[in-house]
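Okay, structure first, notes after.
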Amino acid sequence: MTYVIAQPCVDVKDRACVDECPVDCIYEGKRMLYIHPDECVDCGACEPVCPPEAIFYEDDTPEEWASYYDANVHFFDELGSPGGAAKLGVIDLDHPLIAELPPQNQD
Ligand code: F3S
Ligand code: F3S
1 MTYVIAQPCV DVKDRACVDE CPVDCIYEGK RMLYIHPDEC VDCGACEPVC PPEAIFYEDD
61 TPEEWASYYD ANVHFFDELG SPGGAAKLGV IDLDHPLIAE LPPQNQD
């Protein structure tokens with residue numbers, strides 16, 4: 001199991017979650033952040049600190065954002081398991097599901 005970042009993170013990228021993660025497994029893409037499904041230890045520390053409430057336990061992800069599970073998993077298809085997000089910085093990449101979204105307005 002893992003935690004999943006969903007659509008409310010897109011174009012927001014608050015990054016409060018990054019400071020909470022004990023294993024540095026939340027990676028920054030161009031438009032949102034992604035949790036590495038194999039590196040996440042399910043501690044849950046990230047979930048309550050996200051202002052737009054974008055983070056969900058895998059089984060609790062709202063149906064409308066179910067595809068974000070795959071987006072988080074497949075974001076790492078070519079990256080593999082880097083073993084720490086800090087050293088990578090911002091990755092010049094997004095999963096196609098996110099890349100194709102129109103700009104997400106925040107009000
Ligand atoms: Fe995104 Fe929320 Fe983290 S907006 S960067 S998932 S704190
Ligand atoms: Fe990190 Fe959140 Fe998993 S804090 S270990 S990504 S549950």
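1 is the number of the first residue of the sequence shown in full-length UniProt numbering; add one for each residue after it.
From the three backbone atoms N, C-alpha and C, an ideal C-beta is built for every residue, glycine too.
Could you check whether the Cβ of C50 sits closer than 7 Å to any heavy atom belonging to ligand 2? no
Coarse secondary structure for E100, derived from DSSP in three states: coil
So the candidates are K13, T2, Y3; which of them puts its Cα closest to the Cα of I98? K13
Quick one, are the C-beta atoms of S81 and E47 less than 8 Å apart? no
As assigned by DSSP and simplified to three states, the class of E28: strand
Please report the distance separating the alpha-carbon of C25 from that of V4. 11 Å
With burial defined as no fewer than 16 other Cβ atoms inside 10 Å of the residue's Cβ, what is the status of residue 113: buried or exposed? Only positions 1 to 107 of the chain appear in this structure, which leaves residue 113 out of reach.
Cα separation between C21 and A45? 6 Å
Is V23 a contact residue of ligand 1, with contact defined as CB to any heavy atom under 7 Å? no
What is the DSSP secondary structure of V4, reduced to helix, strand or coil? strand
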